[in-house]
Structure formats: C-alpha cells, structure tokens
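Novice: The letter at position 402 of the sequence shown is residue 402 when you use UniProt numbering, and the numbering goes up by one with no holes.
Glycine included, every Cβ here is placed at the ideal spot set by N, Cα and C.
Here's a structure for you.
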Amino acid sequence: MIRIAPVGRALAVVAATSLALTACGGGGDTATQTSESAAPASSAPAAKGDGTLTLGTLLPQTGSLAFLGPPEFAGVDAAVKEINEAGGVLGKPVAKFDTDSGDTTTNIASQSVDKLLAQKADAIIGAASSSVSESVIDKITGAGVVHFSPANTSDKFTTIQDNGLYFRTAPPDKLQGRVLGDLIISDGNDTVGIMAMQDSYGTGLADQVQKTVTDGGGEVVERVDYDPKAADFSADVAKLKAKNPKGIVLIGFEETAKVVQELVKQGMPASKHKWYMVDGNMSNTNYEKMPKGTLTGVKGTYPGAAAPDEFRDKLLAVNPKLEDYTYAPESYDAANLIALAAEAAKSDAGVDIAAKLAEVSKGGEKCTNFKECVDLLKAGKDIDYEGVSGPVEFNDAGDPAVATIGIYQYGNNNKYPVKALEYRTGNIEG
C-alpha cells in the first residue's frame, strides 16, 4: 500500500501493463450515420423511447482535444459492434450517429447536439472537454436524454443540475489531484509552481493539486491561471521563473506545447526543474517535433486502469490506423453500460436508462462484456458490470465511486511508454 501523505488516504499500487497512450488528430464536424437501422432525422427531442436504442457521440474531431477523438470513437465503435453481434438491445441493432464536439472556441458542440436530438438520440456519449460538456448539458438533459462522458473530470459535475441524467466513467479530478500532489511532494519538491488553463477543468484540478501539495508540507510559490487562447505565454512563464520553483505543474490542453517552448527559452527546462503534466496534455504527438530530450523525465497522471492487450486488438479491428488509446476504455464502458441499462429497463428512453445505470454497475453478479451481462439479465439475474476502465460503480452523483490513476514518465523521444510507472486506486471521496 502507498499512503497519500498530504491527506492520509491509502491508495493501492498495482503493477500492470497499460494501453499505449500515444496521440493523433481527427477529422471533420459532420454527423455520420453508422448503423443502417438508425432512426430517421426528426425535429423532436428523443424524450420517449421508440424501441431502438440510438447512441450519439459528441467527441473531438477538431479543436484542442482532437488527439482524444480517435480512441474515444474507437471505444464506442468496438462496444456497439459487440452489442449488435450479440443481438442488439431490446431485440434490435443499436443505431449510432457520430458528431464533432469541437472545443470552447466554437459553437460546434451545440450544433452537434441539435443534430443528435433531431436524430432521436437516447443517450449522448461525450464530450471529452469538461467545459464543452458544461456548455451543452442543459440542452441534452433538458431533452430527457442521457449525457454520458468518458473523459470529463471537472469536479463541477458532481453537483451540477442534470435531472439525474449525467454520468461519467472518468473520475472527478479530486482523485487525480491528490495522486499528482502526493507524487510531487514524494519527489522532493518543497516549492512548486502551477500553470493552469483557466476553465472548469484547469482551475479545478489546479485547486486540488495546490491543496494536496500544501497539506503535504510543500509551498505553491506561484500559480498562474492563463488564457489558453493566448498567443504568447512569456509573461506567464516569467512569473514562475521569478519564484524558481523546484517542481512545475502544467495543466492544459494542446497549448501546453507553447508553454513548454517558453519554459525552455527562459532557462527552465525539465533537466533543471521537475515538470508534471495531466491527462489533458499527456500526448505523444504534441511534442514530437521538439528537440530530442525536451521532455525526458517529465511525469504525468492519467485516469484509468491498465487494460489488457486484447482490448487494444479490439480497437485496432475497428480502426487499424489508431495510434492513441487514451479514454478508449472509458468510452467502451460507457456504451456497454448504456446498452445494459436499456436492457434492464426494457426501454430505450433516456430517463429509463438513467434509472438503471447505477443498478447494472454494482451489487450483482459480476460480468465483463455485453453478451455475458445481457445473458444474465435475460435469466433474471442482477448484474455488476466490471469495465475495462475499472469497476465503474456509480455513486448517487453519477460518478464512479472508485477509480485508478496511472503515473507515466516521458523518455528521450518525447513520448511516454505503454507501461505506467505505477497505478494508484482509491475511493473518490477519500
């Protein structure tokens, strides 16, 4: 056991082999029908079930998190393929429509949600960005549709008004922040600087890291919450340089590449200061054009348990060009859980699915894939879906009650490997 020193929480450490977490970009923003049985377009929201479970994806094909799109789409596609091969849901193939979530600099997400509601989506999987999800959650849940994100980590969603229709397989940042803060202290950093993008994700995660570092006896000597759309970060980095922290925490998305370049320019490379990253900027393509060794030794945290090699094979079967596997397990589990909840409810209506999601995630006979689980349901058994991303036992807020955080380290090639340094599993509430 490893004890998280600042807050006295015990987290189990397990050695395992992870998914290869490399990164790649995405395509356009048009909705794509991926099932011949998909319901025809309609201007009416999908408030009531029509007998066909229709999933919509609201995932990044463009924007600052585009590198997360391909693995998330692949995770959903792999699940839908298996679900339909097992007979579908309620005796019919699952229908699916793909759309782009874009990012907060555009109105793409809102337009995509309108398309999905017109196509009678019963549940929408996405977005990856917490801020994007926050911008459309009222539109989705107000229509009686399940809003299910595989990647939102902002703590805001634990208490957000959602009509009981919002769920996520990614854990809230309070756990990632505790793990990262403890890692920083255990690495000997008694002075810390934080650069965090100014949105619900960045500031929320920075708050938790700062609290954990402080509770552990360290000092956050400088914190800069910056505009991720800024063209230049020289003034922000100069504030850190003036305080000369031993550890530097970078919380952001693709703009982190510009921050990294500025840190190096101002004489604060990773070879002199210990850098730490998070799931939003842990990428294997964002820094590939930088000089070799720029990120050597940089550590980062990413939510998610280790996944078996056979799962990656499933993903490659639906997308042979896949290079990144980030949040693919969470996306796969989201689609399976929605389908199982619809079977348990004997309805594809969003409100009925939501009412059964917690039930199929815990307390029953354990099962690990749709066919195994749905066979148990049809036999009248209560089930406990054990996901690729972890146990996924929903609490009353629609958050996973228990989650795992992986700790990774970059090598000389500015990439981090398949295997994490370690995995820490703990209760979200501590």
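1) What's the C-alpha gap between residue 395 and residue 203?
2) How long is the line joining the alpha carbons of residue 114 and residue 350, rounded to whole angstroms?
3) So residue 278 and residue 301 are in contact, right, with Cβ under 8 Å, and what is the actual spacing, rounded?
4) How is the alpha helix (DSSP H) around residue 142 delimited, first residue to last?
5) Please report the distance separating the alpha-carbon of residue 78 from that of residue 336.
6) Between which two residues does the alpha helix (DSSP H) harbouring residue 70 extend?
7) So, using beta-carbon positions, are residue 196 and residue 251 closer together than 8 Å?
8) Could you tell me which of 138, 155, 149, 86 sits nearest to residue 69, measuring between CA atoms?
9) Quick check on DSSP: helix, strand or coil for residue 198?
10) Taking DSSP as the reference, what is the three-state secondary structure of residue 379?
11) Would you mind reading off the limits of the alpha helix (DSSP H) that contains residue 323?
12) DSSP three-state call for residue 263: helix, strand or coil?
13) On the criterion of 16 or more Cβ atoms from any shown chain inside 10 Å, does residue 52 qualify as buried, or is it exposed?
14) Within 8 Å of any Cβ in chain C, is that where the Cβ of residue 91 sits?
15) According to DSSP, is residue 421 part of a helix, a strand, or is it coil?
16) According to DSSP, is residue 33 helix, strand or coil?
17) Indicate whether the contact test is met: 3 or more Cβ pairs, each with one atom in the region 259-269 and one in the region 387-394, closer than 8 Å.
18) List the endpoints of the continuous beta strand (DSSP E) containing residue 403.
19) Could you tell me the boundaries of the beta strand (DSSP E) in which residue 278 lies?
Specialist: According to the data block:
1) In the sequence shown, counting from the first residue as 1, residue 395 sits at position 395. In the sequence shown, counting from the first residue as 1, residue 203 sits at position 203. For residue 395 and residue 203, the distance between alpha carbons rounds to 24 Å.
2) As a first step, residue 114 must be located in the sequence shown, where it is residue number 114. As a first step, residue 350 must be located in the sequence shown, where it is residue number 350. Between residue 114 and residue 350, the C-alpha separation is close to 16 Å.
3) Within the sequence shown, the letter at position 278 stands for residue 278. Within the sequence shown, the letter at position 301 stands for residue 301. Yes, residue 278 and residue 301 are in contact; Cβ-Cβ is about 6 Å, under 8 Å.
4) The residue given as residue 142 occupies position 142 in the sequence shown. Unbroken alpha helix (DSSP H) run through residue 142: 130-142.
5) Counting from one through the sequence shown, the residue named residue 78 turns up at place 78. Counting from one through the sequence shown, the residue named residue 336 turns up at place 336. A direct Cα-to-Cα measurement between residue 78 and residue 336 gives close to 10 Å.
6) Here the question's residue 70 lines up with position 70 in the sequence shown. Residues 69-85.
7) Numbered from its first residue, the sequence shown carries residue 196 at position 196. Numbered from its first residue, the sequence shown carries residue 251 at position 251. For residue 196 and residue 251, yes; Cβs fall inside 8 Å.
8) Sequence index remark: in the sequence shown, residue 69 carries index 69 (1-based). Among 138, 155, 149, 86, the Cα nearest to that of residue 69 belongs to 149.
9) Locating residue 198 in the sequence shown gives position 198, where the first residue counts as 1. Residue 198 falls in the coil class under three-state DSSP.
10) The sequence position of residue 379 within the sequence shown is 379, counting from 1. In the three-state reduction of the DSSP assignment, residue 379 falls in the coil class.
11) The residue given as residue 323 occupies position 323 in the sequence shown. That residue, residue 323, is in no alpha helix (DSSP H); it is neither H nor E in DSSP.
12) Looking up residue 263 in the sequence shown gives position 263. Helix.
13) As a working mapping, residue 52 is identified with position 52 in the sequence shown. Label assigned to residue 52: buried.
14) Protein chain content of the structure displayed is limited to a single chain, and chain C is not contained in it.
15) Within the sequence shown, residue 421 is the residue found at index 421, counting from 1. In this structure, DSSP gives residue 421 a state outside helix and strand, which the three-state scheme calls coil.
16) If you number the sequence shown from 1, residue 33 lands on position 33. Its pLDDT being 42, under 50, residue 33 is placed unreliably by the model, and the measurement read from it follows with that caveat. Look at residue 33 here: in three-state DSSP terms it is strand.
17) No, they do not touch.
18) Locating residue 403 in the sequence shown gives position 403, counting from the first residue. Element bounds for residue 403: 402-409.
19) Numbered from its first residue, the sequence shown carries residue 278 at position 278. For residue 278, no beta strand (DSSP E) segment is defined, and its DSSP state is neither H nor E.
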